[in-house]
Amino acid sequence: MLKVFLTRVDKENGVWLSLPTTPADIGVAYATLDNINGTENLDTRLTGVESSIRNLRQYLIGKSTDDPNTIKELDFIARRIDGFVESEAALFSGALDIESINTLTDIINLTYSLEGYELYPDVTTANELGQYLVESGEVQIHESALPYVDYERVATEYEANNSGCYTAAGYVAKTGGSIERIYDGITLPDVNADKDYIFKLKLISQYSFDRLDDPYTLKLPTSDIALRQVRDQLRVKHFEECEIADFDCPIANLSARLHMDGDIYSLNKLAQKIKDMPNEGMVTKLLAALEAEMPEDLCNTLDIAEDLDRYELIPASVINATDYAHHVLFESGRYDIFVDDEINSFVDYEKYGNYKMIEDGVKQTAFGMIRRIDEPFQEQEQGFTQKMGGM
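Residue numbers for the sequence shown, in the UniProt record's numbering: 1 to 391.
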C-alpha cells in the first residue's frame, strides 16, 4: 500500500492519492490541486506518505512530482510492493536502510534485488542476533564454550564485518553484491519480471487461529534456510502443523497432477527441478509423464521429474499409428533402415505402427504421446485423484 499527499504553495491543503491508480485518477488529483492553488506555481511535492513499508516514507518525502515520469515511477513502486509477500516486504524495508538510496530509480531497482538479502526472523537486538548466529552455525563456537558466550560481542563483531540492519520483523543481512540495474530511468520494466515462482502457497499454522484471514505466503523454490525461517515465523517445528489455505501454480495443468500431501520439502525440490529445466519442452514432457504414470505422492512425482531421461515424448506431428511407424523407423534413431520406393508401396505402416505402439507401451496424453524407454508403462487400476488441503 502506498498513499502520497500532493501539495503546492499551500502545504496544508492538498490531495491524497492512493497508488497504484489509473491515469484518470491522477488527472482528478491534479485538477483538485489546480483548484486549491491555481496553475501558476506548479512545484508539486510529496509532503505526506503512508506505506505498508514502514520506512519508505523517508525516501519519498519532499520529492517533486512535476516530471510526469515521477508519478509513473511512484505508481510502479506501489505495484511492486503490493506484490510482496511478508518476507519480501521485510527484506525491502531493511535493504532501504542498508543501501545508499537517493532516487526513485534506486528504489525500483532495489525491489528486483531482494535475493541479495536474508532475513533473520524476530531478531531485533544484538543479543538475539548473537544467539541466532551461533545457533544457526553462522558463527562457530565450540560446545564447551557455549555457556560463556557473550552474544552481544558476537553480534558486534559480525556487524563490523557485514552489512545489515534491524527491522520490526527481524535482522536483515546483506548477502549478495550490488543492486542490479533493471530500470534505466527511462523504460519501466515488467512489474512481474522476477515473479518466477513455480508454486505459491498460503499457509496457516494450527496455533495461529487469529491469522485465518491473513495466511503466510510462501513461494517455491526457496532455500532450506528460508524454509526454516518460515517455520520460525509460523512458530511450528514441522510443516505438518500447518494447513494450505491456497495453492497457486502458473504452469497450466501442473497443479491438477500433484498430490498435496504436506511434504513442503519435496514440493520445494520439485519446484527447483522444474525451474532448472532448460526449456518448455522438458516441462511438457514432465506433464505427459505425470499423466501417464499417475504418481501416488509427491515423492514419486519428484522421482519422475528427476529421471525424465527415461521417457520419450513423441513429436507432436505423430498423431496416429502410421505416423508412429514412420517415426520409429526413420526419425527416432532406433533403426538404421532404408526403404526404397518400390518396397515402400508394399509396407503396411498402420499395422506396424499399431504393433510398435503396443510393444513400446506408448500412452496418449493431453500433452502428446509418450513412452518409457527402459520398460513399458504399468497399467493403472485406478484414476488419478488430486489431494489438496491437509498437511
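A virtual CB, placed ideally from N, CA and C, is assigned to each residue, including glycine.
It should be emphasised that the depicted structure is a prediction, and the values quoted were computed from it without experimental measurement.
Item, Value
"Simplified DSSP state of Phe247, which is helix, strand or coil", "strand"
"7 Å CB neighbourhood of residue 408 in its chain, flanking five on each side removed", "Residue coverage of the chain in this structure runs from 1 to 391, which leaves residue 408 outside it and unanswerable."
"Any chain B beta carbon closer than 8 Å to Asp106", "Protein chains in the displayed structure number just one, and chain B is not present."
"As assigned by DSSP and simplified to three states, the class of Leu201", "strand"
"Helix, strand or coil at Met369 [DSSP, three-state]", "strand"
"In chain order, each beta strand (DSSP E) run of at least 3 residues that lies wholly inside the region 328-370", "363-365"
"Val15, enclosing beta strand (DSSP E) - first and last residue", "Val15 to Leu19"
"Cross-strand partners of Ser51 (DSSP beta bridge)", "Leu2"
"Beta-carbon gap between Leu114 and Glu88 smaller than 8 Å", "yes"
"Residue range of the unbroken beta strand (DSSP E) whose run includes Ala173", "Gly170 to Lys174"
"Sequence-distant residues of the same chain with beta carbon closer than 7 Å to Gly164, five excluded per side", "Ile98, Tyr171, Val172, Ala173 and Lys174"
"Spatial distance of Ser18 from His142 (CA atoms)", "54 Å"
"Euclidean distance between Cα positions of residue 396 and Ile337", "As displayed, the chain neither begins before 1 nor continues past 391, which places residue 396 out of reach and without an answer."
"Three or more C-beta pairs below 8 Å linking the region 43-55 and the region 79-93", "yes"
"Cut-off 7 Å between Cβ atoms - residues of its own chain near Leu308, not counting five sequence neighbours on either side", "Met282, Lys285, Leu286 and Ala289"
"Coarse secondary structure for Pro147, derived from DSSP in three states", "helix"
"Spatial distance of Tyr30 from Ile244 (CA atoms)", "44 Å"
"Separation of Met369 from His327, as counted between CA atoms", "12 Å"
"Segment contact, 8 Å Cβ cut-off, at least three pairs: the region 330-344 with the region 259-270", "no"
"Burial state of Ile26 (16 or more Cβ within 10 Å)", "buried"
"Per DSSP, cross-strand counterpart(s) of Thr7", "Arg45"
"Exposed unless 16 or more other CB atoms sit within 10 angstroms - verdict on Asn109", "buried"
"Proximity winner among Glu138, Gly62, Ala145 and Ala169, relative to Glu157 (alpha-carbon distances)", "Glu138"
"Classification of Lys351 by the beta-carbon crowding that lies within 10 angstroms, buried from 16 upward", "exposed"
"CA-to-CA distance, Ala271 to Glu280, given in whole angstroms", "14 Å"
"Per DSSP, cross-strand counterpart(s) of Gly27", "Gly27 is not bridged to any residue."
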